[in-house]
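Residue numbering for the sequence shown follows this note's numbering, beginning at 5 and increasing consecutively.
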Amino acid sequence: MAATTQKVIDLEHDEILAFCGDQDRKLKKIQAMLKAKIIPRGTELRVSGSTHDVDVAHRVITDLLESQRDLDTELTERQIVHALHEAEIEPGGTRALLKDTIAIPRLGGKLTPLTKGQKDYVTAMRQQDIVFCIGPAGTGKTYLAMAMAVESLLAGRVDRLILVRPAVEAGERLGFLPGDIGEKFDPYVRPLYDALYEMVEPEQLAELKENGTIEIAPLAFMRGRTLNNSYVVLDEAQNASREQVKMFLTRMGYGSKMVITGDITQIDLPQNKPSGLIQAKKLLADIKGIAFVNFTRRDVVRNPLVQKIVAAYEAHGK
């Protein structure tokens, strides 16, 4: 029988309750993803197993505990699961991942990236004026862009938040839908509204929309505008034509940031109309001040089944 070893991790009473979760649910998640055995005893966590497995588990648990202390709040099961996945790839990276927070008061003030790809994306949005994020569904492209935009607006770093989306599925048929342009376009921007409702108090959101501080508009309505001191997000950019992407990018004024997101595996344009997102990636990749972040299925943070669905379609495509 292989030799076993044990390490003990001491915690405060409140810490161990927050870390293990109700009926040890979070601890069971950790246990399921590590090979060492983890037993809570009072204010201790006793980690036992082979020397290698104990060393790995001790390092990961210590990183998670330090992250919980850094954030001064409980880690969610979702944060723990994704941090453990990242720890398998980059030992010691858990704390760095969860330390990079986005200040959203309505979400407890501390939204964190869940994968290294998401952390690189957040870093790029902090450092660059224009950021392209390309990747499959469920990777948080739009959600993180919205979070960074809301953080910048609430912190006073920009004066306006402008959210833009092409209405490709509707095409000319927009005119046949009832209501004004806002009511016609509303179904196409529902994901943007869903994120906003999570991040901004309803009364505040209504006021910001009313006074034009937050604006949601079709991509076609950007022509002729100059956007100064604004945080501008173009969502579903794979469905924008070459001319539209060029038009959008050249709206940028002083003191503004732009984030462009899209999934080039889900293009709804007619076959004879190339995607402007693909062209932009080829033309602009080497320009200083513009960053490109590419997500893979490893960055999917929805239900784990989404990763498997994305993998299946990738395999079929090959």
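Virtual Cβ for every residue (Gly too), placed ideally from N, Cα, C. Predicted, not measured: the structure shown is a model, and the values here were computed from it.
Quick one: what does DSSP say SER279 is sitting in, helix, strand or coil?
The answer is strand: DSSP assigns SER279 an E or B state.
Return the residue from the list VAL204, ASN276, LEU273 and GLY280 that minimises the CA-CA distance to LEU238.
If we check each option's Cα against that of LEU238, GLY280 comes out closest.
Can you give the beta carbon distance from LEU111 to MET203, rounded, assuming they're within the 8 Å contact cut?
By a beta-carbon distance limit of 8 Å, LEU111 contacts MET203. Their separation comes to about 6 Å.
Do you know whose CA, among PRO109, LEU68 and THR55, lies nearest THR98's CA?
With distances taken between Cα atoms, THR98 lies closest to LEU68.
Looking only at DSSP bridge pairs, what is LEU167 linked to?
Checking the DSSP bridge columns, you'll see LEU167 partnered with ILE220 and VAL237.
Would you decide whether ASP303 is buried or exposed? Buried here means 16 or more other CB atoms lie within 10 Å of its CB.
Burial call: buried.
Coil, strand or helix - PHE299 by DSSP
The three-state secondary structure of PHE299, taken from DSSP, is coil.
Can the beta-carbon of GLU70 be found less than 9 Å from the beta-carbon of GLY25?
The answer is no: Cβ separation not under 9 Å.
Can you check DSSP and say which residues form a bridge with GLN10?
For GLN10, which the question treats as bridged, DSSP gives the partners SER52.
Using a threshold of 9 Å, state whether the C-beta atoms of VAL1 and ILE13 are closer than that.
This structure does not reach residue 1, given that the chain is present from 5 up to 322, and the question cannot be answered.
Looking only at its chain, what residues have a beta carbon closer than 7 Å to the beta carbon of PRO140, apart from the 5 residues adjacent to it on each side?
Contacts found: ASP267, THR269, PHE299, ARG301, VAL304 and VAL314.
Compute the distance between the beta-carbons of ARG246 and GLN283, then report whether it is under 9 Å.
Cβ atoms of ARG246 and GLN283: closer than 9 Å.
In whole angstroms, give me the CA-to-CA distance for THR230 and ILE220.
The alpha-carbon atoms of THR230 and ILE220 are separated by roughly 16 Å.
Tell me the rounded alpha-carbon separation between MET152 and GLN122.
Approximately 12 Å, taken between the alpha carbons.
For a test of the three-state rule: what should DSSP assign to ARG82, helix, strand or coil?
ARG82 falls in the helix class under three-state DSSP.
State the DSSP-derived secondary structure class of SER71, mapped to helix, strand or coil.
In this structure, SER71 counts as helix in the three-state DSSP scheme.
So what's ALA316 in DSSP terms, helix, strand or just coil?
Residue state, collapsed to three classes: helix.
Tell me which same chain residues have a C-beta within less than 7 Å of the C-beta of LEU330, skipping the five on either side of it?
The displayed coordinates of the chain run from 5 to 322. Any statement about residue 330 would go beyond what the structure contains.
To the nearest angstrom, report how far apart ALA100 and HIS62 are at their CA atoms.
Straight-line Cα distance between these residues: approximately 17 Å.
Run through DSSP, which three-state label would SER156 get?
Of the three classes helix, strand and coil, the one that applies to SER156 here is helix, per DSSP.
Helix, strand or coil at ARG29 [DSSP, three-state]
Of the three classes helix, strand and coil, the one that applies to ARG29 here is helix, per DSSP.
Between which two residues does the beta strand (DSSP E) holding PRO3 run?
No statement about residue 3 is possible, as the shown extent of the chain runs from 5 to 322 and does not include it.
LEU167 beta carbon less than 9 Å from that of THR217:
Their beta carbons are not under 9 Å apart, which means THR217 does not touch LEU167 by this criterion.
Taking the beta carbon of GLY113 as the centre, do at least 16 other beta carbons fall within 10 Å, making it buried, or is it exposed?
With fewer than 16 Cβ atoms within 10 Å of its Cβ, GLY113 is classed as exposed.
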